[in-house]
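Report on one structure; see the data block that follows.
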Amino acid sequence: MPQKPKSHSERQYESSPFKDFYEKQKLEAKKRYDSKRGNSSERGYSSKWQQARKGYLAKHPLCSDCDKQGIVKGATEVHHTIKAKDNKEIFWDSSLWLALCHSCHSRRTARGE
Ligand SMILES: [Zn+2]
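Here this note's numbering is used: the first residue of the sequence shown is 3, the next is one more, and so on.
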């Protein structure tokens, strides 16, 4: 396969005195991305949680705290009414979850709930 000729900007990049700098930046960004992504089990957990959360919000589309005040607002977050910490049973028990809008969730989180 013949190599695709390099574009002007690519050639400029190759000869750029900042090339090393850019390469380093790219490497740093990748490192940050990898560490944020976590290990494979953390990734599995979060995708499972995203699924569960989506299903819960589909069944409970309104913010429960706003609802108590007679406000109709769509829920975007699932709050654990009991801190699950490392307890998987509590974490996955949807009877302990609460559908909240972003501001109500932030308020509860700020109160340490
Ligand atoms: Zn709310």
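Glycine included, every Cβ here is placed at the ideal spot set by N, Cα and C. Quick caveat, the model's predicted, so the values are computed rather than measured.
Given 8 Å as the limit, is there contact between the stretch 104-112 and the stretch 88-96, that is, 3 or more CB pairs closer than that?
Because the criterion of three Cβ pairs below 8 Å is not met, the stretch 104-112 and the stretch 88-96 do not touch.
Report the rounded CA-to-CA distance for residue 31 versus residue 53, giving the unit in angstroms.
The sequence position of residue 31 within the sequence shown is 29, counting from 1. The sequence position of residue 53 within the sequence shown is 51, counting from 1. Approximately 28 Å between the Cα atoms of the pair.
Evaluate residue 67 with the Cβ neighbour count: other Cβ atoms within 10 Å of its Cβ, from every protein chain shown; 16 or more gives buried, anything less gives exposed.
Locating residue 67 in the sequence shown gives position 65, counting from the first residue. Residue 67 is buried by the Cβ-count criterion.
On a Cα-Cα basis, can you pick out the residue from 80, 106 and 20 that is closest to residue 98?
The count along the sequence shown starts at 1 and reaches residue 98 at position 96. Ranking the options by Cα distance to residue 98, first place goes to 80.
Please classify residue 86: does DSSP put it in a helix, a strand, or coil?
As a first step, residue 86 must be located in the sequence shown, where it is residue number 84. Coil at residue 86, not helix or strand.
Alpha carbon to alpha carbon, how far is residue 76 from residue 62? Give it in angstroms, no decimals.
One-based indexing of the sequence shown puts residue 62 at position 60. One-based indexing of the sequence shown puts residue 76 at position 74. One alpha carbon belongs to residue 62, the other to residue 76, and they sit about 9 Å apart.
Flag residue 67 as yes when its Cβ comes closer than 6 Å to any non-hydrogen atom of ligand 1, and as no otherwise.
By one-based count along the sequence shown, residue 67 stands at place 65. Result yes, Cβ under 6 Å from ligand 1.
Alpha carbon of residue 21 to alpha carbon of residue 107, nearest angstrom:
Residue numbering aside, residue 21 sits at position 19 when the sequence shown is read from its first letter. Residue numbering aside, residue 107 sits at position 105 when the sequence shown is read from its first letter. Residue 21 and residue 107: Cα-Cα distance of roughly 45 Å.
Taking Cβ to Cβ, would you say residue 100 is nearer than 7 Å to residue 83?
One-based indexing of the sequence shown puts residue 100 at position 98. One-based indexing of the sequence shown puts residue 83 at position 81. In this structure, residue 83 lies closer than 7 Å to residue 100 by Cβ.
As a quick exercise: from 89, 50, 55 and 73, pick the residue whose alpha carbon is nearest that of residue 105.
Translated into positions along the sequence shown, residue 105 becomes position 103. Nearest neighbour of residue 105 by Cα position, chosen from 89, 50, 55 and 73, turns out to be 73.
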